[in-house]
Amino acid sequence: MGKTLAYKILEKNLQVGTLTQGEELSIRVNQTLTQDSTGTMVYLQLEAMGIDSIKTDRSVAYIDHNTLQAGFENADDHLFIQTAAAKYGIVFSKPGNGICHQLHLERFGKPGEVLIGSDSHTPTGGGIGMIAIGSGGLDVAVAMAKGSYPMKAPKVYEIHLIGSLPPWSSAKDVILEVLRNLSVKGGVGYIIEYTGEGVKSLSVTDRATITNMGAELGATTSIFPSDEQTLDFLTRQGRAGDYQPLAADEDAVYDARLEIDLSTLVPMVAKPHSPDAVATLSEIAGMKVDQVAIGSCTNSSYTDLMKVATILKGKSVHPNVSLVISPGSSNILKMMSDNGALGDLIAAGARILEAACGPCIGMGQAPKSGAISLRTFNRNFQGRCGTMDADVYLVSPEMAAIAAITGEVTLPAEYGMEAPAIVLPETFANFENYLIYPPEDRSGLSVVMGPNIKPFPLSGDLPESLSGSLLLKTGDNITTDDIMPSNAKLLPFRSNIPELSKYCFGTIIPDFKMRAEAAGGGFVIGGDNYGQGSSREHAALVPLYLGVKAVIVKSFARIHKKNLINSGILPLVFVNPADYDRFNETDELKFNAVHDALDGKASFDLVNETQGFVCKVAFEGSTRDVEVLKIGGTLNFTKKEILS
Ligand code: MIC
Ligand code: SF4
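If you're matching positions, the sequence shown starts at 755 in our numbering and goes up one per residue.
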């Protein structure tokens, strides 16, 4: 039986276990990446593990999220990360260099290698044929400390591409089409593997747009083969030596399959407030637009921004539109400055931001009240842009640029211009001044911690019984942006859990902290796909700090469930999802014989003491996860492992 590409790479890197679906295994990690909004916690955890150096071939600490320095906090965190990087042998990418995923693709990504990153869009690396997995920060700290990553052998979903994209349709439309078919939870438990003739017509940066937004499917990761396109990309980046051809066997067997004919794709849009609320752009044609934001790790490549510049050249941004552009990397910004395209953007009236995440994570550029904002980003959860009542629509860079000029959603046929064709330079800019490589001799180096960095909460041993009140009952598809919101005001406190805790579940209720404190902690109940979205472990650490002991839901998103386990909070699912309806907020709940239930020696019973009934819940995790939970989280577990 032929092998999938994903399994070939996993097999090559297998350290422990067998590659049988659903089995626990551990893979060798070649590379890691962190960014600053999750990175401070990662390096605090690495410090707490008490190791001297890391075991990966290449680890990089990027600064790209917390770039607004309205106070000392972000600058303090950046210095802490810079000093930790030097101490442990990690490359440091200074603020201004660009977005971690775009930069990693340009500078370090290698086909066939395993990359673990403390950001949910790490799968961008799948565009270059890597197994690139987004994880909670603690998983990344452990991956650096041990050079390995535990996981269950996933299922593999084939997306077979035929044909090639028509003019004005782009990679963004491919992934929106996939989201339309699979939804924001359709990828849970799968690696998505792209195959077929259609793959050949997509460049590495197109592929990276698709694997990047595969995060929105809930997938473990997404991957493309490594072929002539990959060689072309690496050659232009001056890294042809990193190329190796990689593909699935012709007769590879997959667990699920979807075929997409690229030639049938029209420009698409994800409507408010979910990346899978997909429609054709024609459905919203004529809608007036207040803001257009171009950039993010999904759509800020040289090709994307050059298309935008070509469309804007000699035109003016509509008087009622604010157009903001955040380039993916300093290399791209420099190339566009050298070739005059930056001048075209400025002359058209665009606001040029530094190469960073910027508006994608609400770091500035919150639109006006009730705004319609067209963005080339990957997430449009309510409030994420910084304005609760704004409506965010996700589109391709080309469609965003046209709307910026006309002031309304405009179909390309009505715009009357030929689709821009971008000729790539033979050699991409590749300058080193934003990168700091660790010194050879690192003896005696120590980290510098500013006053904003506070100790993070650690769970103790898991007790035999748990009781408390139901603090909050949520609906389906709750995001980590709901559980622990992020914006320009809150991001500076990513290393200050007590401060962040004031805003926990802030998009749902204003007073979760007060509730939790008044009740002395308790439980949260949720619906399907609970914790979708970002990898931020703060969505587990903050509830832990507020005394949440277990979260009981219909189903979990992958990274958040792992973050709950890592922090020592029990993630449980209803055996009968209809039981969800029987619970009310403030009900007093209890679990007995928790250890036996985790070991499978007793049934897992959730007792509703207020209403007087019992229902069955289940823990779905590995035997390692059970041990982690019993000892109060991954940090305690790893310290014990490293010491033994
Ligand atoms: C995001 O896009 O939501 C983020 C901000 O990049 C997060 C990481 C974070 O919350 O720090 C992610 O995607 O993991
Ligand atoms: Fe940054 Fe946005 Fe990408 Fe997250 S999704 S890494 S905030 S650009």
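Here a beta-carbon is modelled for each residue, glycine too, at the ideal position from N, C-alpha and C. From a predicted model like this one, the values you see are computed outputs, not experimental measurements.
Helix, strand or coil at R1248 [DSSP, three-state]: For the purposes of this step, residue 1248 is taken as the residue at position 494 of the sequence shown. Correct three-state label for R1248: coil.
Ignore the nearest five residues each way along the sequence and tell me which others in I1313's own chain have a CB closer than 7 Å to its CB. Sequence index remark: in the sequence shown, residue 1313 carries index 559 (1-based). For I1313, where only same-chain residues beyond five positions count, the Cβ hits under 7 Å are S874, G888, S889, G890, S1289.
Quick one: residues in its chain with C-beta nearer than 8 Å to the C-beta of F1182, no 5 flanking neighbours on either side, listed in chain order? The count along the sequence shown starts at 1 and reaches residue 1182 at position 428. Excluding positions up to five away in sequence, the list reads E860, R990, Q991, G992, Y1056, N1085, M1089.
Measure the beta-carbon distance from S1249 to I1207 and round it to whole angstroms, keeping in mind my assumption that it falls under 8 Å. By one-based count along the sequence shown, residue 1249 stands at place 495. By one-based count along the sequence shown, residue 1207 stands at place 453. That pair is a contact at about 4 Å.
Whole-angstrom distance between T876 and L787, CA atom to CA atom: Numbered from its first residue, the sequence shown carries residue 787 at position 33. Numbered from its first residue, the sequence shown carries residue 876 at position 122. Spanning the two alpha carbons is a distance of roughly 8 Å.
Less than 7 Å between C-beta atoms, sequence neighbours within five positions excluded: which residues of the same chain meet that for A829? Residue numbering aside, residue 829 sits at position 75 when the sequence shown is read from its first letter. Here the set comprises Q823.
Using CA coordinates, which residue listed in T1034, V1043, N1320, N1330 is at the minimum distance from L1216? Against the sequence shown, residue 1216 aligns to sequence position 462. Out of T1034, V1043, N1320, N1330, N1320 has the C-alpha closest to the C-alpha of L1216.
beta-carbon C1111 near the ligand SF4 non-hydrogen atom, thresh 7 Å: The residue labelled residue 1111 in the question sits at position 357 within the sequence shown. Checking every heavy atom of the ligand SF4 against the Cβ of C1111, one is found closer than 7 Å.
Between which residues of its own chain and C1114 is the CB-CB distance below 6 Å, once the five residues before and five after are set aside? Residue numbering aside, residue 1114 sits at position 360 when the sequence shown is read from its first letter. Excluding residues within five positions, the ones whose Cβ falls inside 6 Å are S1050, F1131.
Limits of the unbroken alpha helix (DSSP H) element including C854: Indexing the sequence shown from 1 puts residue 854 at position 100. Taken as a continuous stretch (DSSP letters only), the alpha helix (DSSP H) holding C854 covers 854-861.
Does the Cβ of M884 have 16 or more other Cβ atoms within 10 Å, making it buried, or fewer, making it exposed? Residue 884 sits at position 130 when you count from the first residue of the sequence shown. Under this definition M884 is a buried residue.
Distance, D1335 Cα to G1366 Cα: Stepping through the sequence shown from its first residue, residue 1366 is reached at position 612. Stepping through the sequence shown from its first residue, residue 1335 is reached at position 581. So the alpha carbons of these two residues sit roughly 15 Å apart.
Distance cut-off 7 Å: H1292 Cβ against heavy atoms of the ligand SF4: Position 538 of the sequence shown, counted from the start, is the residue given in the question as residue 1292. No; taking the cut-off as 7 Å, the Cβ of H1292 has no heavy atom of the ligand SF4 nearer than that.
Beta carbon of D873: closer than 7 Å to some heavy atom of the ligand MIC? Against the sequence shown, residue 873 aligns to sequence position 119. Yes, since a heavy atom of the ligand MIC falls inside the 7 Å radius drawn around the Cβ of D873.
Excluding sequence positions up to five away, which residues of its chain have a Cβ less than 8 Å from the Cβ of E801? Taking the sequence shown and counting its residues from 1, the one referred to as residue 801 is at position 47. For E801, where only same-chain residues beyond five positions count, the Cβ hits under 8 Å are A838, V1201.
What separation, rounded to the nearest whole angstrom, lies between the Cα atoms of Y842 and D806? Here residue 842 is taken as the residue at index 88 of the sequence shown, counted from 1. Here residue 806 is taken as the residue at index 52 of the sequence shown, counted from 1. Cα to Cα, Y842 sits roughly 7 Å from D806.
Every unbroken alpha helix (DSSP H) within the region 1013-1089, with a cutoff of 4 residues, ordered by chain: 1056-1066
How many Å lie between D981 and V1043 at the Cα? Translated into positions along the sequence shown, residue 981 becomes position 227. Translated into positions along the sequence shown, residue 1043 becomes position 289. Those two C-alpha atoms are separated by around 40 Å.
Any heavy atom of the ligand SF4 within a distance shorter than 7 Å of the CB on F826? Sequence index remark: in the sequence shown, residue 826 carries index 72 (1-based). No - the ligand SF4 has no heavy atom lying nearer than 7 Å to the Cβ of F826.
Should G1287 be counted as a contact of the ligand MIC given a C-beta to heavy atom distance under 7 Å? The count along the sequence shown starts at 1 and reaches residue 1287 at position 533. It does: the Cβ of G1287 is within 7 Å (strictly closer) of some heavy atom of the ligand MIC.
Leaving aside the five residues before and after L1298 along the sequence, list all residues of the same chain whose C-beta is less than 7 Å from its C-beta, in chain order. The sequence position of residue 1298 within the sequence shown is 544, counting from 1. Around L1298: P1211, S1213, S1321, G1322, I1323.
What is the rounded straight-line gap between the Cα of F846 and the Cα of A815? Start at 1 with the first residue of the sequence shown, and residue 846 comes out as number 92. Start at 1 with the first residue of the sequence shown, and residue 815 comes out as number 61. If I take the Cα positions, the gap works out to 5 Å.
Can you find the residues in the same chain that come closer than 6 Å, C-beta to C-beta, to G1448, ignoring five residues on each side of it along the sequence? Coverage of the chain is limited to positions 755 through 1398, which leaves residue 1448 absent and any answer about it impossible.
Compute the Euclidean distance between the alpha carbons of F1337 and A1120, then round it to the nearest angstrom. Counted from its first residue, the sequence shown places residue 1337 at position 583. Counted from its first residue, the sequence shown places residue 1120 at position 366. Rounded to the nearest angstrom, the two C-alpha atoms are 37 Å apart.
Supposed close pair M1041, I1126 - CB separation, criterion 8 Å: Residue numbering aside, residue 1041 sits at position 287 when the sequence shown is read from its first letter. Residue numbering aside, residue 1126 sits at position 372 when the sequence shown is read from its first letter. Their Cβ separation, rounded to whole angstroms, is 6 Å, which keeps M1041 and I1126 in contact under 8 Å.
Quick check: the Cα distance between D1005 and V1329, rounded to an integer number of angstroms? Taking the first residue of the sequence shown as 1, we reach residue 1005 at position 251. Taking the first residue of the sequence shown as 1, we reach residue 1329 at position 575. Going by the C-alpha atoms only, they are around 37 Å apart.
Between P920 and Q1045, what straight-line distance do the alpha-carbon atoms span, to the nearest angstrom? Position 166 of the sequence shown, counted from the start, is the residue given in the question as residue 920. Position 291 of the sequence shown, counted from the start, is the residue given in the question as residue 1045. Looking at the two C-alpha atoms, the distance is approximately 27 Å.
Under the three-state reduction of DSSP, which class applies to A829: helix, strand or coil? As a position in the sequence shown, residue 829 is number 75, starting the count at 1. The answer is helix: DSSP assigns A829 an H, G or I state.
Relative to the C-alpha of K1061, which candidate in S1080, S1076, A1095, V1032 has its C-alpha closest? On the sequence shown, position 307 is the one that residue 1061 refers to. The shortest Cα separation from K1061 among S1080, S1076, A1095, V1032 belongs to A1095.
Taking only three categories from DSSP, how would you classify G1112? As a working note, residue 1112 is residue 358 in the sequence shown. The answer is helix: DSSP assigns G1112 an H, G or I state.
H914 by DSSP, collapsed to three states: which one? Counted from its first residue, the sequence shown places residue 914 at position 160. In this structure, H914 counts as strand in the three-state DSSP scheme.
Could you tell me the boundaries of the beta strand (DSSP E) in which N905 lies? As a working note, residue 905 is residue 151 in the sequence shown. Position check: residue 905 holds Met in this sequence, whereas Asn was assumed. Where M905 is concerned, the enclosing beta strand (DSSP E) stretches over 902-906.
C-beta contact flag for A907 and L779 at 8 Å: Here residue 907 refers to the residue found at position 153 of the sequence shown. Here residue 779 refers to the residue found at position 25 of the sequence shown. Yes. Within cutoff.
Let me check one thing: in DSSP terms, what residues is R1105 bridge-paired to? Taking the first residue of the sequence shown as 1, we reach residue 1105 at position 351. Answer is V1078, bridged to R1105.
Please find out if some non-hydrogen atom of the ligand SF4 comes closer than 7 Å to the beta-carbon of H1314. The count along the sequence shown starts at 1 and reaches residue 1314 at position 560. No, Cβ of H1314 sits at least 7 Å from all heavy atoms of the ligand SF4.
Do you know whose CA, among T1018, T1064, I946, lies nearest G881's CA? Taking the sequence shown and counting its residues from 1, one reaches residue 881 at position 127. Nearest option by C-alpha distance: I946.
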